[in-house]
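Enquirer:
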Amino acid sequence: KAGVTQTPRYLIKTRGQQVTLSCSPISGHRSVSWYQQTPGQGLQFLFEYFSETQRNKGNFPGRFSGRQFSNSRSEMNVSTLELGDSALYLCASSGDRVGTEAFFGQGTRLTVV
Amino acid sequence: AQTVTQSQPEMSVQEAETVTLSCTYDTSENNYYLFWYKQPPSRQMILVIRQEAYKQQNATENRFSVNFQKAAKSFSLKISDSQLGDTAMYFCALLVSGTYKYIFGTGTRLKVLA
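The listed protein sequences derive, respectively, from chains A and B.
Residue numbering for the first sequence follows the numbering used here, beginning at 1 and increasing consecutively.
Residue numbering for the second sequence follows the numbering used here, beginning at 114 and increasing consecutively.
#1: Rounded to a whole number of angstroms, what is the C-alpha to C-alpha distance between Gln-6 (chain A) and Thr-131 (chain B)?
#2: Quick one: is Met-158 (chain B) near chain A, going by C-beta distance under 8 angstroms?
#3: Which residues share a DSSP beta bridge with Gln-68 (chain A)?
#4: Count the other CB atoms, across all protein chains shown, that sit within 10 Å of the CB of Leu-190 (chain B); report buried if there are 16 or more and exposed otherwise.
#5: Could you tell me whether the segment 195-210 of chain B touches the segment 118-137 of chain B, using the rule of 3 or more Cβ pairs below 8 angstroms?
#6: Compare the C-beta of Glu-165 (chain B) against all C-beta atoms of chain A and say whether one is closer than 8 angstroms.
#7: Helix, strand or coil for Gly-211 (chain B) per DSSP?
#8: Taking Cβ-Cβ distances shorter than 8 angstroms, what residues in chain A pair up with Thr-212 (chain B)?
#9: Decide if Ser-94 (chain A) is buried, meaning its Cβ has at least 16 other Cβ atoms within 10 Å, or exposed.
#10: Rounded to a whole number of angstroms, what is the C-alpha to C-alpha distance between Thr-20 (chain A) and Ser-195 (chain B)?
#11: Expressed to the nearest angstrom, what Euclidean distance is found between the alpha-carbon atoms of Thr-116 (chain B) and Val-209 (chain B)?
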């Protein structure tokens, strides 16, 4: 069974640009979550999608958005990039059972210059 | 609001020894789950162990076990017979049923010394 796949693995963008990150969950998983990981803040929850609907959202500005497609693949978009957006972005997928573990991808390392 | 606190930013342990990583959490909910995740230098997060709050019995997975003290809201991880491959960042996480989001602690960097 293939794991969670995130693309690309690395990105370098300039301030003011926008970026789209992609996540393919484990087959059969309908829940996809996104986290931002930085050395100072740890892992911060961005949002969670289930069957194309956003069920929960973290405390991030509106520049951060996401969506989920009918095949459960998910994308997150960050517009008007700022230097502080430099981070490791992790995607996780989960099965439907309540309290089930999250399976994480290897992340996308975004550097904003 | 839910919070997770890991008070040990870094720890080290000799190979084959035992080490305990601390985690405390706060939630007013009764139905929740606790996890320990490991993030090696390759950066992929891997589940180490999972505990259901309504179960009093502490979870164990081979060399890994937890000490779950519900009243004290404490969830420590014990690693026995430490191996070099255990070197990683360890994150404690809380999932409150129905919220669909994991709350992570800031992590403990564990180094196993040969």
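Glycine is no exception: its CB is placed at the ideal position from the N, C-alpha and C atoms.
Note that the structure is a prediction, hence the values are computed from the model and not measured.
Expert: Well, looking at it:
#1: 35 angstroms
#2: yes
#3: A:Ser-74
#4: buried
#5: Taking a contact to require three or more Cβ pairs closer than 8 angstroms, the segment 195-210 of chain B and the segment 118-137 of chain B qualify as touching.
#6: yes
#7: coil
#8: Asn-56
#9: By the 10 Å Cβ count, Ser-94 (chain A) comes out buried.
#10: 40 angstroms
#11: 11 angstroms
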